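Working notes, beginning with the structure itself.
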Amino acid sequence: VSPDPVRFVDERLNAARPLRKALRYVFPEHWSFLLGEMALYAFVVLIATGVFLALFFDPSTSQMTWHGPYAPLDGAIVSRAYGSALDLSYTVPGGLLMRQTHHWAALLFVVAITLHLLRVVFTGAFRKPRELTYLVGATLLTLAVVEGYAGYSLLDDLLSGMGLAIGYSTALSLPLVGGALGALLWDGPFPGGPAFESRLFIAHVFILPGAMAALIGAHLWLVVCARHAQFRGPGRREDNVVGAPLWPAYMLRSLGWLFAVAAMLVLLGGLVQINPIWQWGPYEPWVGENGAQPDWYLGWLIGALRLMPNWELRAFGHTLIPNPFFGGVLFPGLVFGFLFGLPAIDRVLFTRDRAPHHLLDRARDNPRRTGVLAAMLVWVVLVFFFGSADRVFLSLSIPYELQLWLARALAFVAPALAYVLTRRWCLALRRRDVHPLRAVDAQLVHPPRPIAREDHAGEA
Amino acid sequence: MSALLWRLLGLFGIVRGVVRAMHEPAADEVDDDGIDPRRRELPSSRGAERALTGLLALAGLGFAAFSVLIASDADPRLLGGVLGAALAALSAALIVAGLRIVPQEVAVEDRPALGDADAREEAVDELRRGTEGVSRRGLIAGAAGLAGSGLAAAAVLPITALGPGPRALDDSPWRAGVALVDEDGDPVTADALEIGSFLTAFPKGADRRELGSPVVVLRVDPRTLRLPAGRRTWAPEGILAYSKICTHAGCAVSLFRHPLDEDTSGPPALVCPCHYSTFDVRRAAQVTLGPAGRALPQLPLRIQADRRLAAGGPLSGSVGPAWWGTERS
Numbered sequence: 014v015s016p017d018p019v020r021f022v023d024e025r026l027n028a029a030r031p032l033r034k035a036l037r038y039v040f041p042e043h044w045s046f047l048l049g050e051m052a053l054y055a056f057v058v059l060i061a062t063g064v065f066l067a068l069f070f071d072p073s074t075s076q077m078t079w080h081g082p083y084a085p086l087d088g089a090i091v092s093r094a095y096g097s098a099l100d101l102s103y104t105v106p107g108g109l110l111m112r113q114t115h116h117w118a119a120l121l122f123v124v125a126i127t128l129h130l131l132r133v134v135f136t137g138a139f140r141k142p143r144e145l146t147y148l149v150g151a152t153l154l155t156l157a158v159v160e161g162y163a164g165y166s167l168l169d170d171l172l173s174g175m176g177l178a179i180g181y182s183t184a185l186s187l188p189l190v191g192g193a194l195g196a197l198l199w200d201g202p203f204p205g206g207p208a209f210e211s212r213l214f215i216a217h218v219f220i221l222p223g224a225m226a227a228l229i230g231a232h233l234w235l236v237v238c239a240r241h242a243q244f245r246g247p248g249r250r251e252d253n254v255v256g257a258p259l260w261p262a263y264m265l266r267s268l269g270w271l272f273a274v275a276a277m278l279v280l281l282g283g284l285v286q287i288n289p290i291w292q293w294g295p296y297e298p299w300v301g302e303n304g305a306q307p308d309w310y311l312g313w314l315i316g317a318l319r320l321m322p323n324w325e326l327r328a329f330g331h332t333l334i335p336n337p338f339f340g341g342v343l344f345p346g347l348v349f350g351f352l353f354g355l356p357a358i359d360r361v362l363f364t365r366d367r368a369p370h371h372l373l374d375r376a377r378d379n380p381r382r383t384g385v386l387a388a389m390l391v392w393v394v395l396v397f398f399f400g401s402a403d404r405v406f407l408s409l410s411i412p413y414e415l416q417l418w419l420a421r422a423l424a425f426v427a428p429a430l431a432y433v434l435t436r437r438w439c440l441a442l443r444r445r446d447v448h449p450l451r452a453v454d455a456q457l458v459h460p461p462r463p464i465a466r467e468d469h470a471g472e473a
Numbered sequence: 276m277s278a279l280l281w282r283l284l285g286l287f288g289i290v291r292g293v294v295r296a297m298h299e300p301a302a303d304e305v306d307d308d309g310i311d312p313r314r315r316e317l318p319s320s321r322g323a324e325r326a327l328t329g330l331l332a333l334a335g336l337g338f339a340a341f342s343v344l345i346a347s348d349a350d351p352r353l354l355g356g357v358l359g360a361a362l363a364a365l366s367a368a369l370i371v372a373g374l375r376i377v378p379q380e381v382a383v384e385d386r387p388a389l390g391d392a393d394a395r396e397e398a399v400d401e402l403r404r405g406t407e408g409v410s411r412r413g414l415i416a417g418a419a420g421l422a423g424s425g426l427a428a429a430a431v432l433p434i435t436a437l438g439p440g441p442r443a444l445d446d447s448p449w450r451a452g453v454a455l456v457d458e459d460g461d462p463v464t465a466d467a468l469e470i471g472s473f474l475t476a477f478p479k480g481a482d483r484r485e486l487g488s489p490v491v492v493l494r495v496d497p498r499t500l501r502l503p504a505g506r507r508t509w510a511p512e513g514i515l516a517y518s519k520i521c522t523h524a525g526c527a528v529s530l531f532r533h534p535l536d537e538d539t540s541g542p543p544a545l546v547c548p549c550h551y552s553t554f555d556v557r558r559a560a561q562v563t564l565g566p567a568g569r570a571l572p573q574l575p576l577r578i579q580a581d582r583r584l585a586a587g588g589p590l591s592g593s594v595g596p597a598w599w600g601t602e603r604s
């Protein structure tokens, strides 16, 4: 056995040179660069807690009689999926902690990706040479949303069944192929054949996380290829990177951030209840519950489904476009289409520029891009908040119908307004950059004249 | 004494010189604007090292406590609190180490140039040389495309085995004469319902989980009914039945809004809790609010001699969410 691990590895993998390069990899320092790391570390927590959960969860809809310490459901006939999730919550040591931490981590994962995405789009970080990094990241966001939906749909409690019914209807709403697709995915008409639950399980624990892990690897590798982008500052140029080297300070701080994220999630998982499946009870297709809300990252879709007028396109004895298509397919299609097209849209409409960029823009540097992004953001956020109109009605007594018509009007007005205001704001900030004193209310003081030199000149 | 002082001062001067030399950028490294941000500091202090030791020990104790607690099946709140605190202590330790113990450095790395025209040309040449001497390229490429498409189809089409075709998506077990049973399987009688009440019923002997099965049964004042002409006999004594599955997104229409004062609250309506599609029960469940594109299918009812309810015929239209094959109902 070699006493020297570096020598051991180097003599087998020729790793000393890459190791030294990795230790000197430079990370530019800015708080917003921690958002991507937060997403990565939430993913680590998801894998760790998810492996634990998978050891106990039974993805089957066959029936069982559940016995456990929760009296209202003791002796109830439930699916094995729901029953094993109850066991995880009530009898497996640490099971509830793991389940709740997993759910909180899923919520934070999508929060972190979304904030990271906002940082990237508003600073123009998606431009050449980072288009691929960006597209991989946008794909990861898409997969994260699907993965989260698959996860909370597994439990076969009332909430997951209602969510699946909406997902099934959205699949059915695809023109021409929807019916076949729904029957295919669900192994028959809703609530689905016996294979559906295990398909969902395999998607949630194997196919999607595997794809995401591979894409995260690709994302990081692409980042390293071009090195980190950086904000402008003293000594920072297009052809260099200024910041902390990986070893040792940055690595320690980043690991500290990993455990900070993990600590926050475990504390939430232990102390703050989330998705209490026993309160809702098992799902049956004829049972519904008022006040049901999806996980936050699907709020914009429930908002869009609720906001849409009851239009359906029917002709020739067919329903060409069923209603859920608009809110469940077209709306997210537009938003994700915009996201995936952003590098091209930006190049054609905003910058007309094919040069590589490593120095990041501030939002004000490209007022039209920032304006369009703000408009898009306002549009999605508005629809998102309309998704909670029923809760608003309950807590603030604003009539649902009034909110509905208000939101429908604002869906057109607010983005336009956001574009105009944001663009003007950016232009004003830019003017202040050019003439820093214009906005300052102060007296102008002239510097003292260089008297000494004139005296000298007088003497000569 | 003064000699020692001089020596110390001299040592200090040397150290300062060395440190300055370390920090002084070489002439060729200075940026155009004359700024070189690189620097290196050694911040470690006894206080910081003591704090790090304490935090690491705390984390170790916390993890040990968690291991003991989980073996003794403790309350999840205690487990989460202890594990979270241990992780937080470890996090704090690493951040203290990263900011106050190890060398703090700002480094400048040259960005690798992406893309090398010469290497690219060589690579393309290498690719080209691979097809040297091949004459019928177009034909071969076409045949290869055919093989590739065939392979892709053979790889993808087996997914059609995943499920049946979309033929039975909105079938329903309701036929004329099928008896209505409640959630316990007992027959539903006409006298079980008062005005303003509703219950869920299923076709006797059928699979309840089928979307075509569950119906909402409710009673309204027969004088207020506004059913279409062909459905006059469908609601004996004002008892109505509608499919319980929303025609919008397939949720259970589980809310029944029966107003005490119709002048202020609107007519009695079934409401879906998912997207608040609202169906006017007197007008054959026409949509009055929300995104549903079709009325709920109505089940014609019949009161038998023993007052039990039975279906007078099939449902009036396609059950549940619409798809390509759904006709107007």
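So the protein sequences, as listed, match chains A and B. Numbering (the numbering used here) for the first sequence: 14 to 473. Numbering (the numbering used here) for the second sequence: 276 to 604. The beta-carbon is built from N, C-alpha and C at its ideal position, and this holds for glycine as well. Since the model is a prediction, treat every value here as computed from it, not as a measurement.
Assigned with DSSP and collapsed to three states, Ala388 (chain B) falls in coil, not helix or strand. Pairing Leu515 (chain B) with Ile90 (chain A), the inter-Cα distance amounts to about 31 Å.
Around Ser366 (chain B), the beta-carbon contacts reaching into chain A at under 7 Å are Gly269, Phe272, Ala273 and Ala276. Residues of the stretch 542–574 of chain B whose Cβ lies closer than 9 Å to any Cβ of chain A, in chain order: Val546, Cys547, Pro548, Cys549, His550, Tyr551, Ser552, Val562, Leu564, Gly565, Pro566, Ala567, Gly568 and Arg569.
Remark: C-beta atoms of Leu493 (chain B) and Phe473 (chain B) approach each other more closely than 7 Å. For Arg319 (chain A), the neighbours in chain B by C-beta distance under 7 Å run, in chain order, His550, Tyr551 and Pro566. Counting every other CB atom within 10 Å of its CB across the protein chains shown gives Asn336 (chain A) a total of 16 or more, marking it as buried.
Classified as buried, His550 (chain B) has 16 or more neighbouring CB atoms from the shown chains inside 10 Å of its CB. Contiguous beta strand (DSSP E) elements confined to the stretch 423–492 of chain B occur at 473–478, taking only those with 3 or more residues.
Checking the DSSP bridge columns, you'll see Leu545 (chain B) partnered with B:Phe531 and B:Phe554.
Runs of the alpha helix (DSSP H) spanning 4 or more residues and lying entirely within the stretch 188–214 of chain A occur at 191–198, in chain order. The contact set of Val456 (chain B) on chain A, defined by CB atoms closer than 8 Å, is empty, because the minimum CB distance reaches about 13 Å. Scanning its chain for C-beta atoms nearer than 7 Å, with the 5 sequence neighbours on each side dropped, one finds around Ala361 (chain B) the residues Ala334, Gly337, Phe338 and Phe341, in chain order.
Taking each of A:Leu372, A:His217, A:Tyr413 and A:Ala98 in turn and checking the Cα distance to Pro142 (chain A), the smallest one comes out for A:Leu372.
As DSSP reads the structure, Met321 (chain A) sits in no beta bridge. Separation of Val405 (chain A) and Arg577 (chain B) (C-alpha to C-alpha, rounded to the nearest whole angstrom) is 42 Å. At least one C-beta of chain B is nearer than 7 Å to the C-beta of His331 (chain A).
The alpha carbon of Phe203 (chain A) has as its nearest neighbour, out of B:Leu468, B:Pro439, B:Ala454 and B:Trp449, the alpha carbon of B:Pro439. In the structure shown, Tyr162 (chain A) falls within a helical segment according to DSSP collapsed to helix, strand and coil. For Tyr432 (chain A), the enclosing alpha helix (DSSP H) begins and ends at Tyr413 to Val447. At least 7 Å separates the CB of Lys479 (chain B) from every CB of chain A. What Asp311 (chain B) touches in chain A, judged by beta-carbon distance under 8 Å, is Gly248, going in chain order.
Against Ala178 (chain A), the close residues of chain B are Ala524, Gly525 and Cys526, in the order they occur along the chain (beta-carbon pairs closer than 7 Å).
At a cut-off of 7 Å, the C-beta of Pro106 (chain A) has a neighbouring C-beta in chain B. For the stretch 379–407 of chain A, the beta-carbon criterion of a distance under 8 Å to any beta-carbon of chain B is satisfied by Asp403. Secondary structure of Tyr296 (chain A) (DSSP, three-state): coil. For the alpha helix (DSSP H) assignment, the uninterrupted runs of no fewer than 4 residues enclosed by the stretch 32–112 of chain A are, from N- to C-terminal side, 47–67 and 93–103. By the Cβ rule, the stretch 565–580 of chain B counts as touching the stretch 328–348 of chain A, because three or more pairs are nearer than 8 Å. One thing to note: Trp313 (chain A) has its Cβ within 7 Å of the Cβ of Val396 (chain A). Ranked by Cα distance from Pro387 (chain B), the options A:Asp252, A:His370, A:Val394 and A:Ala84 are led by A:Asp252.
Residues of chain A whose Cβ lies closer than 7 Å to the Cβ of Leu362 (chain B) are, in chain order, Phe272, Ala275, Ala276 and Val279. A straight-line Cα-Cα distance of about 21 Å links Tyr517 (chain B) and Gly600 (chain B).
Taking a beta-carbon distance threshold of 7 Å, Glu384 (chain B) counts as an interface residue toward chain A.
In the three-state DSSP reduction, Leu271 (chain A) falls in the helix class (H, G or I). Tyr517 (chain B): member of the beta strand (DSSP E) spanning Ile514 to Ser518, first to last residue. Secondary structure at Val285 (chain A): coil, using DSSP grouped into helix, strand and coil.
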